[in-house]
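These notes concern the structure reproduced below.
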Amino acid sequence: SGTVIPYDALGMELTSDYKERSSLFGVKTAFMFAGYLLQIVLGVAFAVLFANNVLTQISYVSWVLAAVGLVNYASLLCGIGERPMLEKDSTPIVSVVKEMLHNRPYRIYLLLKVP
């Protein structure tokens, strides 16, 4: 839950518009499933090509997926703009945490993330 909650909150950091956020998470999910499918297709393809050498299969799949990951990461860095900075809020952290914990849906969400 230490990485899932910030990852799920990323949409709020990138945009405050509901439609943009829905689109953003839709694209994120599509790329996630495309990555799952790519891994399976590459595994099967290299298993057919190098049927007798498992180490070669794993090596080629690893290199291809690493290259795809680097290209995607570079496009992410170049394509995502920063959200404009808002005025800094001087609210004390204790009152922010209290307010956050009064949010019932957020408490339920936190409980769902506990293993």
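In my numbering, each residue carries its 1-based index in the sequence shown increased by 65.
In this text, a Cβ means the ideal position worked out from N, Cα and C, and glycines have one as well.
Quiz prompt | 7 Å CB neighbourhood of asparagine 168 in its chain, flanking five on each side removed | solution = none
Quiz item: DSSP on lysine 163, reduced to helix/strand/coil?
Solution: helix
Quiz item: Assuming valine 126 contacts leucine 114 under a Cβ cut-off of 8 Å, what Cβ separation, rounded to an integer in Å, is found between them?
Solution: Incorrect: roughly 11 Å between the Cβ atoms, too far for contact.
Self-check item: the region 123-137 / the region 91-105 touching (three or more Cβ pairs under 8 Å)
Solution: The answer is yes - the region 91-105 touches the region 123-137, with three or more Cβ pairs under 8 Å.
Quiz item: Is the beta carbon of tyrosine 174 less than 9 Å from the beta carbon of isoleucine 70?
Solution: With respect to the 9 Å criterion, tyrosine 174 and isoleucine 70 are classified as neighbours on the basis of their beta carbons.
Quiz item: Of the choices Asp73, Ala74 and Ser81, whose alpha-carbon is the least far from that of leucine 151?
Solution: Ser81
Self-check item: Straight-line Cα distance separating lysine 93 from leucine 157
Solution: With the sequence shown as reference, residue 157 is identified as proline, and leucine is not the correct amino acid for it. Taking the straight line from one Cα to the other gives about 34 Å.
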